[in-house]
Amino acid sequence: MTGKALGLAVVGFGGMGREHVHKLGGEADFQVTGVFDLRAERQDLARKEGLHAYGSWAALLADPRVDVVLVATPNDSHATLSIEALEAGKHVICEKPVAMNTAELDAIVAVATRTGRIFTVHQNRRWDDDYLTVRRILDDRTLGRVTHIETRVQGSRGIPGDWRKLARHGGGMLLDWGVHLLDRLVFLIPGPIVKVYCRLHFPTGEEVDEGFHLFLTFGDGRTALVEVGTRHFQTLPLWMVLGDRGTALIHDWNLQGQMVVVGQDEGDAKPIVAGAGLTKTMAPRSEAGEVRIPLPVVKGDVGEFYRNVAAAVRGHEAPLVKNTEVRRILALMEAAFESHRTGEAVTFEAEA
Ligand code: NAD
Numbered sequence: 018m019t020g021k022a023l024g025l026a027v028v029g030f031g032g033m034g035r036e037h038v039h040k041l042g043g044e045a046d047f048q049v050t051g052v053f054d055l056r057a058e059r060q061d062l063a064r065k066e067g068l069h070a071y072g073s074w075a076a077l078l079a080d081p082r083v084d085v086v087l088v089a090t091p092n093d094s095h096a097t098l099s100i101e102a103l104e105a106g107k108h109v110i111c112e113k114p115v116a117m118n119t120a121e122l123d124a125i126v127a128v129a130t131r132t133g134r135i136f137t138v139h140q141n142r143r144w145d146d147d148y149l150t151v152r153r154i155l156d157d158r159t160l161g162r163v164t165h166i167e168t169r170v171q172g173s174r175g176i177p178g179d180w181r182k183l184a185r186h187g188g189g190m191l192l193d194w195g196v197h198l199l200d201r202l203v204f205l206i207p208g209p210i211v212k213v214y215c216r217l218h219f220p221t222g223e224e225v226d227e228g229f230h231l232f233l234t235f236g237d238g239r240t241a242l243v244e245v246g247t248r249h250f251q252t253l254p255l256w257m258v259l260g261d262r263g264t265a266l267i268h269d270w271n272l273q274g275q276m277v278v279v280g281q282d283e284g285d286a287k288p289i290v291a292g293a294g295l296t297k298t299m300a301p302r303s304e305a306g307e308v309r310i311p312l313p314v315v316k317g318d319v320g321e322f323y324r325n326v327a328a329a330v331r332g333h334e335a336p337l338v339k340n341t342e343v344r345r346i347l348a349l350m351e352a353a354f355e356s357h358r359t360g361e362a363v364t365f366e367a368e369a
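Each residue of the sequence shown is one higher than the one before, counting from 18 in this note's numbering.
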């Protein structure tokens with residue numbers, strides 16, 4: 018850390034606001050000055066946890082000790098709160114999804130530019146171990162040329178019974194989890210995304226999407242499947258990465274999984290009996306014909322996000338999470354919603 022700690026106030030002391038306060042406790046760059054939540058019980062909880070609870074949003078903004086405001090409220094309030102904080106001369110960290118649409122984000126960025134303040138988004142899952150491990154697999158080229166990536170999260174509990182179920186608050190799984198999965202995927206397959214095809218799912222009839230399948234085609238012909246489900250009582254692996262020489266599977270957040278790559282040349286396979294027929298194509302390889310390799314596990318440190326924001330506020334570094342990156346993903350989700358609405362694949366970016 019260089020210089021004195023930056024004052025940071027949190028608006029929205031729900032699950033994520035509280036998590037930020039706990040994490041920031043370990044970061045010397047920041048001193049939490051207090052929190053503000055619309056609900057009295059959350060204000061009480063903050064006080065019980067030894068925090069200052071501002072009497073109002075205006076009081077938080079008027080506190081000269083506050084250098085940075087962290088917005089951790091439901092999605093539909095991100096734009097208004099971020100703009101008001103920037104207008105008050107504060108830097109802003111905003112929770113994901115940054116806003117309800119690209120028009121809202123453009124309005125925020127215009128104010129950040131005019132006021133000369135940092136505005137960045139908490140895309141914390143760029144520091145997840147599973148994602149960083151997939152990045153390492155691609156960097157090491159262990160699987161040969163990667164041609165297709167599947168990234169997914171699946172649970173069975175449905176959407177939590179809060180604002181996440183309501184369209185007017187920006188609920189639904191594409192905005193909630195989709196934003197994380199897409200934000201990371203585009204670093205794995207660089208270049209334009211030419212086509213987007215999406216089906217949203219409503220298995221229990223909620224008003225917002227409870228899950229989705231999203232299929233992307235990149236400019237170089239590579240493809241990706243992004244999948245979120247909240248009604249899956251059995252689940253598929255978090256990641257499947259297909260290369261021309263091997264396959265990687267990561268099953269869960271404990272990083273169970275492995276890579277299997279091609280071994281000795283076995284020539285043509287002998288047919289096996291499969292179901293009511295014979296197959297050579299799907300015959301398994303022999304032991305010598307494949308090599309099992311442990312995952313090159315990479316451990317992430319999400320503290321890097323906060324330390325980078327502090328360095329950006331002090332003018333030493335550019336924000337790691339760039340507004341251009343965040344805008345591209347928001348536009349991609351808009352294309353996905355359009356694809357669901359029309360039932361057609363949507364052309365997204367021109368081929369390079
Ligand atoms: P939550 O419902 O637990 O908490 C939101 C809090 O904001 C509530 O206590 C509510 O009273 C308060 N609030 C609402 N409007 C307000 C306003 N105008 N002013 C002050 N307080 C207000 O929700 P959550 O799970 O904490 O989610 C909050 C944000 O964090 C969402 O944008 C969500 O997408 C994001 N989030 C991010 C991650 C992540 O890993 N990055 C994880 C969970 C949630």
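Glycine included, C-beta positions come from ideal geometry on N, C-alpha and C.
- Every beta strand (DSSP E) of 3 residues or more that sits fully in the stretch 146-172 is shown, in chain order, as 163-171.
- For the pair S303 and G284, the Cα-to-Cα distance works out to about 11 Å.
- With three or more CB-CB distances shorter than 8 Å, the stretch 37-47 counts as touching the stretch 21-29.
- Closest in alpha carbon position to I166, among R134, V86, E361 and G238, is G238.
- Between the alpha carbons of V163 and E307 lies a distance of about 17 Å.
- Exclusion of R64 from the 8 Å shell around ligand 1 follows from its C-beta lying no nearer than that to any non-hydrogen atom of the ligand.
- Shown here, E307 sits in a strand according to DSSP, grouped into three states.
- The count of Cβ pairs closer than 8 Å, one atom from the stretch 263-276 and one from the stretch 244-255, reaches three, so the stretches are in contact.
- According to the DSSP secondary-structure assignment, H69 is paired through a beta bridge with no residue.
- DSSP lists no bridge partner for G106.
- For the 9 Å CB-CB criterion, I135 and V88 do not form a contact.
- Counting the other CB atoms within 10 Å of its CB gives Q140 a total of 16 or more, which places it among the buried residues.
- Taking non-hydrogen atoms of ligand 1 into account, the C-beta of W270 is found less than 8 Å away from none of them.
- Boundaries for F53: no alpha helix (DSSP H) harbours it, while the beta strand (DSSP E) harbouring it runs F47 to F53, taken from the DSSP string.
- Annotation for L78: A105 place their beta carbon closer than 6 Å to its own, counting only its chain and skipping 5 residues before and after.
- For F53, the closest C-alpha among the options E36, A76 and R131 is that of A76.
- The criterion of a C-beta distance shorter than 9 Å is satisfied by G29 and P91.
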